[in-house]
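Letter by letter, the sequence shown follows residues 91 to 163 of the working numbering.
Glycine residues also receive a C-beta, built at the ideal position from the N, C-alpha and C atoms.
The model shown is predicted, which means the values in this text are computed figures rather than measured ones.
Quick notes on the structure that follows.
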Amino acid sequence: MRIFFLILLILIAGLLITLILLQQKGSGAGSVFGGGGGDVYRTRRGIDKLLHYLTIILAFLYSAVSFSLIFLR
């Protein structure tokens, strides 16, 4: 059972990294420090919204599997 959860954790981590990298980037390094904030309140639509929700779901699953591995020891 522990091996199954470890493999699942690795798969979820790979998918989570892929989803994060696929999300739309900001307008540059200046947007991190407050510059170029013209589209801060832009709503997500279509594939951006789907990627956002899938990222949240996979992050939750990653946390759940990680915590379940603690109790399997």
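Within a 10 Å sphere around the beta-carbon of Leu109 sit 16 or more other beta-carbons, which makes this residue buried.
Rounded to the nearest whole angstrom, the C-alpha separation of Ile147 and Arg163 is 25 Å. Of all alpha-carbon atoms in Met91, Gln114 and Leu96, the one lying nearest the alpha-carbon of Tyr152 is that of Leu96. The C-alpha of Ser158 lies about 28 Å from the C-alpha of Leu112.
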